[in-house]
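Asker: The listed protein sequences derive, respectively, from chains A and B.
Number 78 in numbering that gives the first Met the number 0 belongs to position 79 of the first sequence; there are no gaps in the numbering.
Number 186 in numbering that gives the first Met the number 0 belongs to position 187 of the second sequence; there are no gaps in the numbering.
Shown below is the structure under consideration.
Number of protein chains: 2
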Amino acid sequence: MTARRRPRGSLNQQVILAAAFAVTERGGLEAATFQALGAELGAHPTAIYRHFRDKDELLLAMIDALHAETLAGLPGPTDDWAADLAAVARRTHEVFMKHPSVAAYAYRTAHREHEFHMVDRIIGCMRRAGFGDAEAARMYRVFADFLLGYSALDAGLAALDPVARQADLRSWEVEYRMLPAGPYPNIAAVAHVLPALDDPENFALALDLMIEAIRARAAAAARP
Amino acid sequence: MTARRRPRGSLNQQVILAAAFAVTERGGLEAATFQALGAELGAHPTAIYRHFRDKDELLLAMIDALHAETLAGLPGPTDDWAADLAAVARRTHEVFMKHPSVAAYAYRTAHREHEFHMVDRIIGCMRRAGFGDAEAARMYRVFADFLLGYSALDAGLAALDPVARQADLRSWEVEYRMLPAGPYPNIAAVAHVLPALDDPENFALALDLMIEAIRARAAAAARP
DNA sequence: ACCTGAACACCGTTCAAGT
DNA sequence: ACCTGAACACCGTTCAAGT
């Protein structure tokens, strides 16, 4: 909140990115307006246009920063492609949940350095699994879409303002458990064991299922 | 674009929802402002506040309308739970792609009638697959999250303004195929067969994988 | 009860002007 | 070259006033 004036020439993409993450961490991405960034940086809001063409450019840079953070916390490839794939996925989900309101934009292609490295790692797992080029490329696409889609969904819930988030969570804790068995016999039958919407076990199971299915396909592809 | 004045008392949730979908179809969800809806309806923009508490309420009603459209185009349950599950998923994805900018908000719980019915159908498939209550409830959660996440991701790309959408698609058609093999050996190896980001085969394969994995788990759960 | 008009506190973006 | 100030064309939402 200190609004001291910043020396001329000290503004650059890296400094602006850091300010954008700081403001977003405090109030969500909708708080990261040019006005708020200007205040955070001690500069005029429109000074940012010197360093990012528009808000979309800033957003894509934030997405790539997420990929960078994912890579930084990841051990190198081992000889177990499935374990490596799971590690990449778990770390991606973890970083997305740390920056939920940025993660909600993960359907965008950042087409920047750290995204390139993430893509290369996942394709590497598929090739080591024994898939041919076309199958490996297709499996990459499907696994990445699954991973980004599932993680962005979880992140979207986490990024909601507290009021809306509580309303959504409570709906599964209370409302769905009270639905009448007449029109909703299946919901009523399992209502007493409905998992929470934000239960971390959900993503863990989804990932296990996806990797099991890829492993089965890889075994089938390896057979003559 | 006809802005004739509407008779008093003829405004209601259904009419406003129809206007919201009409405006969204033409210019995306960001075009569905209260001003645009007022013009579409021949009413004052703020008149809508009589029928929806705020914009979020209107959005949740639009999400539930997507579930309604999905259900309307769906045959009844058969004795093949896996085929039924696939039918629900394919139809959901199809409807999401028809209304992409609404679908991007599918991480919200609408907690409304048509969503209840969708949930009941999917849980029904899991129970018929032979899962116990807790496993069926968990499998519902994971499959629904997968389906909504993947579909919302696809929809997010489709809902982008044409300029950003072309940039993202072209990145996979051109940029990713030209990356150097030095830092990106795996991308370079499969670059010639990278599938398009919006290839419908992607979701089809993802769905096949997920159902295969669920089937394998169901078989394991059925064994004594 | 239902709708309108005016006002409030914001947005992203542009462009000419300053240093 | 880098940044500021002012302006433009918007937003969602509130509230008193009209019918």
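Even glycine gets a Cβ: it sits at the ideal position worked out from N, Cα and C.
All values derive from a computational prediction rather than experimental measurement.
1) Leaving aside the five residues before and after residue 146/B along the sequence, list all residues of the same chain whose C-beta is less than 7 Å from its C-beta, in chain order.
2) Could you confirm whether any beta carbon from chain A is found closer than 8 Å to the beta carbon of residue 108/B?
3) By the criterion of Cβ-Cβ separation under 7 Å, what are the contact partners of residue 137/B in chain A?
4) For a cutoff of 8 Å on Cβ pairs, would you count residue 212/A as touching chain B?
5) Let me know if residue 6/A comes out buried or exposed under the rule of 16 or more other beta-carbons within 10 Å of its beta-carbon.
6) For a test of the three-state rule: what should DSSP assign to residue 1/A, helix, strand or coil?
7) Select from the region 120 to 131 of chain A all residues with a C-beta closer than 7 Å to any C-beta belonging to chain B, and list them in chain order.
8) For residue 93/A, return the contacting residues in chain B, with the cut-off set at a CB-CB distance below 9 Å.
9) Take residue 1/A and list the residues in its own chain whose beta-carbon comes closer than 7 Å to its own, dropping the five residues that flank it on each side.
10) Beta-carbon of residue 171/B versus every beta-carbon of chain A: anything under 8 Å?
11) Around the Cβ of residue 48/B, are there at least 16 other Cβ atoms within 10 angstroms (buried) or fewer (exposed)?
12) Does DSSP classify residue 130/A as helix, strand or coil?
13) Compute the distance between the beta-carbons of residue 108/A and residue 9/B, then report whether it is under 8 Å.
14) I need the DSSP call for residue 32/A, collapsed to helix, strand or coil.
15) Note down, in chain order, all residues in the region 40 to 51 of chain A with a beta-carbon under 9 Å from any beta-carbon belonging to chain B.
16) Please decide whether residue 155/A counts as near chain B, where near means a Cβ-Cβ distance under 8 Å.
17) For residue 17/B, count neighbouring Cβ atoms within 10 angstroms of its own Cβ and tell me buried if that reaches 16, exposed if not.
18) Which residues mark the beginning and the end of the alpha helix (DSSP H) in which residue 95/B is found?
19) In whole angstroms, what separates the C-alpha of residue 127/B from that of residue 80/B?
20) With H, G and I counted as helix, E and B as strand and the rest as coil, what does DSSP make of residue 170/B?
21) Answer yes or no: do residue 114/A and residue 50/A have a C-beta to C-beta separation smaller than 8 Å?
22) For chain B, find out if any of its Cβ atoms is closer than 8 Å to the Cβ of residue 222/A; answer yes or no.
23) Report back the beta-carbon spacing between residue 209/B and residue 142/B to the nearest angstrom; my notes put them in contact at under 8 Å.
24) For residue 24/B, decide whether its Cβ has a neighbour in chain A, counting only Cβ atoms nearer than 8 Å.
25) In chain order, what residues of the region 140 to 166 of chain B put their CB closer than 7 Å to some CB of chain A?
26) For the region 165 to 211 of chain A, which segments carrying the alpha helix (DSSP H) assignment without a break, of at least 4 residues, lie completely within its bounds, in sequence order?
27) Rank 187/A, 153/A, 167/A, 193/A by C-alpha distance to the C-alpha of residue 202/A and give the top, closest one.
28) How about residue 220/A and residue 134/A: are their beta carbons less than 8 Å apart?
29) Please list, in chain order, all residues of the same chain as residue 125/B whose beta carbon is under 6 Å from its beta carbon, the five residues on each side excluded.
30) Does the CB of residue 62/A have a neighbour CB from chain B at under 8 Å?
31) Does the region 54 to 65 of chain A come close enough to the region 15 to 30 of chain A that 3 or more CB-CB pairs lie under 8 Å?
32) Let's see if you can read the secondary structure: which residues bound the alpha helix (DSSP H) around residue 62/A?
33) Under a three-way DSSP split, which group does residue 109/B fall into?
Answerer: Taking the coordinates as given:
1) Taking the second sequence and counting its residues from 1, one reaches residue 146/B at position 147. Within the same chain, residue 146/B has close Cβ partners 88, 91.
2) Your numbering for residue 108/B matches position 109 in the second sequence. Judged by the 8 Å Cβ criterion, residue 108/B is in contact with chain A.
3) On the second sequence, residue 137/B is found 138 positions in, with the first residue counted as 1. In chain order: 194, 204.
4) For the purposes of this step, residue 212/A is taken as residue 213 along the first sequence, with counting starting at 1. At least one chain B Cβ lies under 8 Å of residue 212/A.
5) If you number the first sequence from 1, residue 6/A lands on position 7. With fewer than 16 other Cβ atoms within 10 Å, it is exposed.
6) For the purposes of this step, residue 1/A is taken as the residue at position 2 of the first sequence. Reliability of the predicted coordinates at residue 1/A is poor, the pLDDT of 41 falling under 50, and no value is obtained from them.
7) 122, 123, 126
8) Taking the first residue of the first sequence as position 1, residue 93/A is located at position 94. In chain order: nothing, as chain B lies at least about 16 Å away.
9) In the first sequence, counting from the first residue as 1, residue 1/A sits at position 2. Legend: pLDDT at residue 1/A = 41, less than 50; position of this residue unreliable, no value from coordinates given.
10) Stepping through the second sequence from its first residue, residue 171/B is reached at position 172. Closer than 8 Å: yes.
11) In the second sequence, counting from the first residue as 1, residue 48/B sits at position 49. By the neighbour-count rule (16 or more Cβ atoms within 10 Å), residue 48/B is not buried but exposed.
12) Within the first sequence, residue 130/A is the residue found at index 131, counting from 1. In the structure shown, residue 130/A sits in coil (DSSP, three-state: anything other than H, G, I, E or B).
13) To locate residue 108/A, count along the first sequence from 1; it is residue 109. To locate residue 9/B, count along the second sequence from 1; it is residue 10. For residue 108/A and residue 9/B, no; Cβs fall outside 8 Å.
14) Numbered from its first residue, the first sequence carries residue 32/A at position 33. Looking at residue 32/A - three-state DSSP - the assignment turns out to be coil, as it is neither helix nor strand.
15) none
16) As a first step, residue 155/A must be located in the first sequence, where it is residue number 156. For residue 155/A, the answer is yes, since a Cβ of chain B falls inside 8 Å of its Cβ.
17) For this step, residue 17/B is matched to residue 18 along the second sequence. Exposed, because fewer than 16 other Cβ atoms sit within 10 Å of the Cβ of residue 17/B.
18) As a first step, residue 95/B is located in the second sequence; it is residue number 96 there, counting from the start. That run of the alpha helix (DSSP H) goes 80 to 97.
19) Reading the second sequence from its first residue, position 128 is the one you call residue 127/B. Reading the second sequence from its first residue, position 81 is the one you call residue 80/B. If you take the alpha carbons of residue 127/B and residue 80/B, they lie about 6 Å apart.
20) Translated into positions along the second sequence, residue 170/B becomes position 171. Here residue 170/B sits in helix by DSSP.
21) Position 115 of the first sequence, counted from the start, is the residue given in the question as residue 114/A. Position 51 of the first sequence, counted from the start, is the residue given in the question as residue 50/A. For residue 114/A and residue 50/A, no; Cβs fall outside 8 Å.
22) Here residue 222/A refers to the residue found at position 223 of the first sequence. No, residue 222/A does not count as interfacial toward chain B.
23) Taking the second sequence and counting its residues from 1, one reaches residue 209/B at position 210. Taking the second sequence and counting its residues from 1, one reaches residue 142/B at position 143. Sure, about 7 Å apart at Cβ, within 8 Å.
24) If you number the second sequence from 1, residue 24/B lands on position 25. Taking Cβ atoms only, chain A never reaches closer than 8 Å to residue 24/B, which makes this a no.
25) 140, 141, 144, 145, 147, 148, 149, 151, 152, 155, 156, 163
26) 184 to 189
27) By 1-based counting over the first sequence, the position of residue 202/A is 203. Comparing Cα-Cα distances from residue 202/A to each of 187/A, 153/A, 167/A, 193/A, the minimum goes to 153/A.
28) Along the first sequence, read from residue 1 onward, the residue named residue 220/A stands at position 221. Along the first sequence, read from residue 1 onward, the residue named residue 134/A stands at position 135. Yes, Cβ-Cβ distance for residue 220/A and residue 134/A is below 8 Å.
29) Here residue 125/B corresponds to residue number 126 of the second sequence, with the count starting at 1. The residues are 135, 138, 139.
30) Here the question's residue 62/A lines up with position 63 in the first sequence. Not one chain B Cβ lies under 8 Å of residue 62/A.
31) yes
32) Here residue 62/A refers to the residue found at position 63 when the first sequence is read from its first residue. Here the alpha helix (DSSP H) through residue 62/A covers 54 to 71.
33) The residue you call residue 109/B lines up with position 110 of the second sequence. Residue 109/B falls in the coil class under three-state DSSP.
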